[in-house]
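*Asks:* Here it is: the structure, laid out below.
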Amino acid sequence: MSSPTPEAAGQAYAAHRAHRGEALRRSALGRHVVRLAVVLACVLMLSPASGAQRIKMATLSPEGSPWDTILKRMGKAWEEGTDGRVSLTIYPGGVAGDEPDILRKMKIGQYQAGAISVSGLVDIHKDFTIFEIPLFYDSFEEMEAVLADLEPTLSGRLEERGYKLLGWGYVGWVHFFTTERAESVQQMQRLKIWTWAGDEAMGNWWRSNGFKPVALAATDILTGLETGLIDAVSMPPLYAMQMQYYKKAPYMADLPLAPMMGAILVSKRTFDRLSAADQKVVLAAGRAAQKEVFEQIPKLDETAIQLMKGSGLELVTVDDTEHHKGWVKAAEEFAEAMRGEIVPVSIFDEALAARGKFRRQQAASGSGE
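If you want it as structure tokens, here you go:
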């Protein structure tokens, strides 16, 4: 067999190199295509259009509490109404920290939603101090009517700060729970009263009016009562029962101080990523949760008082006593001093007008019976 000529050998080698080069190019192209497919798959999985939007919500509401149950029902409505495109995971009982921590973690995207009390709302905007004025509202119905009138202003404030309001919350009507009997303003001024850590303006205001505020995170209240760091805490009965505060502060003044309002919020960034149809479902479920809260919590507050009384709570009568006038006088002075100093003038006057309108309507309705 004759050897190939140098020219033939060269042509064969060149053909081999060309074939090998083509194979390598195809292999590299194949790997590039595979990598591109993986990247696209990841993008699609994270894209709102793919429907996978898991919303993590943090709250101080205890696990298994009425508020927790209502929020879980809301999450179920989201999932069913969006065919699984939007889901809710709740982190209850302060596992994400106190409300300032929750709001901070919402800003950085660690959580996308929160069920926040009025104290947290005040951190967002000072207009919410309108729900911290003692004895400003005579009843839940009056507060609800004022809230309805203020909603355009308040929801607008939330949106300005990057939050979407899904529904209002309600923790109950705040009462003083104390470690010893306290009926009068003077007796209460001798006690160390819990105030929310971070709300320096409110703490200074209490102090300037003769009280002894002690600032603590809400997650430290029970420890504060156990160690004697605080002697009094202002909380709604249902929440005091859920958190067992009444066992360390077994005296409750029957004077309803103020409604502890709240809100179910989602970051506007997260809300805006949802489709229009899914936004509609999320909002509707939020309003349904608000309706449940407003219907259930006032009744449960009364039930909680009776249950705590059966477990050692003593109700301290202030209403219809000589001490009541002292509290009313102090509250009027408080409200006047808070206008402009704690509560912005515009929202104070707007709330005052709404309250006046409601009271006139009630009076007209009563006189027509």
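Under our numbering, the first residue of the sequence shown is numbered -9, with each subsequent residue one higher.
For each residue, glycine too, the CB sits at the ideal point set by N, CA and C.
Using the beta-carbon count (16 or more within 10 Å), is Thr168 buried or exposed?
*Replies:* buried
*Asks:* Can you tell which of Thr209, Ile60, Met47 and Ser51 has its C-alpha closest to the C-alpha of Val76?
*Replies:* Met47
*Asks:* Identify which residue in Arg94, Val161, Gly300 and Leu219 has its Cα closest to the Cα of Gln280.
*Replies:* Val161
*Asks:* Taking the C-alpha atoms as reference points, what is the distance between Phe118 and Gly316?
*Replies:* 26 Å
*Asks:* Go to Ala278, then tell me how far its beta strand (DSSP E) extends in each direction, as first and last residue.
*Replies:* First-last for Ala278: Ala266 to Lys299, but that is the alpha helix (DSSP H), not the beta strand (DSSP E).
*Asks:* Kindly provide the ranges of any beta strand (DSSP E) runs that are 3 or more residues long and lie completely inside the segment 117 to 196, ordered along the chain.
*Replies:* 153 to 168 and 182 to 186
*Asks:* Nearest-angstrom Cα distance between Leu140 and Glu340?
*Replies:* 7 Å
*Asks:* Can you give me the start and stop residues for the alpha helix (DSSP H) that Leu212 sits inside?
*Replies:* Ile211 to Thr217
*Asks:* What's the C-alpha gap between Val318 and Arg263?
*Replies:* 48 Å
*Asks:* How many Å lie between Ala294 and Val306 at the Cα?
*Replies:* 16 Å
*Asks:* For the putative contact between Ala248 and Phe348, defined by C-beta atoms under 8 Å, what is the C-beta separation to the nearest angstrom?
*Replies:* Between Phe348 and Ala248 the Cβ distance is about 16 Å, and since that is not below 8 Å, they are no contact.
*Asks:* Can you tell me where the alpha helix (DSSP H) with Lys202 in it begins and where it stops?
*Replies:* Segment Lys202 to Leu206 is the beta strand (DSSP E) holding Lys202; no alpha helix (DSSP H) there.
*Asks:* So the candidates are Ala239, Lys66 and Ala253; which of them puts its Cα closest to the Cα of Thr217?
*Replies:* Ala239
*Asks:* Are the Cβ atoms of Trp158 and Ala253 separated by less than 8 Å?
*Replies:* yes
*Asks:* In the structure shown, what three-state DSSP assignment does Gly104 receive?
*Replies:* strand
*Asks:* Considering only the beta carbon of each residue, do Ile98 and Tyr153 sit closer than 8 Å?
*Replies:* no
*Asks:* When DSSP labels each residue in this structure, what does Arg63 get in the three-state scheme?
*Replies:* Helix.
*Asks:* Identify whether Met328 lies in helix, strand or coil by the three-state DSSP scheme.
*Replies:* helix
*Asks:* Which value, in whole angstroms, describes the spacing of the CA atoms of Ala353 and Gly346?
*Replies:* Taken atom to atom, the span from the alpha-carbon of Ala353 to that of Gly346 is near 10 Å.
*Asks:* So what does Lys46 bridge to, in DSSP terms?
*Replies:* Thr79
*Asks:* Helix, strand or coil: how does DSSP classify Val28 here?
*Replies:* Low confidence applies here, because Val28 scores a pLDDT of 41, under 50, leaving its location unreliable; read the following figure in that light. The DSSP-derived three-state label of Val28 is helix.
*Asks:* In chain order, what residues of the same chain have a beta carbon less than 8 Å from the beta carbon of Leu212, not counting five sequence neighbours either side?
*Replies:* Cβ neighbours of Leu212 beyond the five flanking positions: Met233, Gln234, Tyr235 and Lys238.
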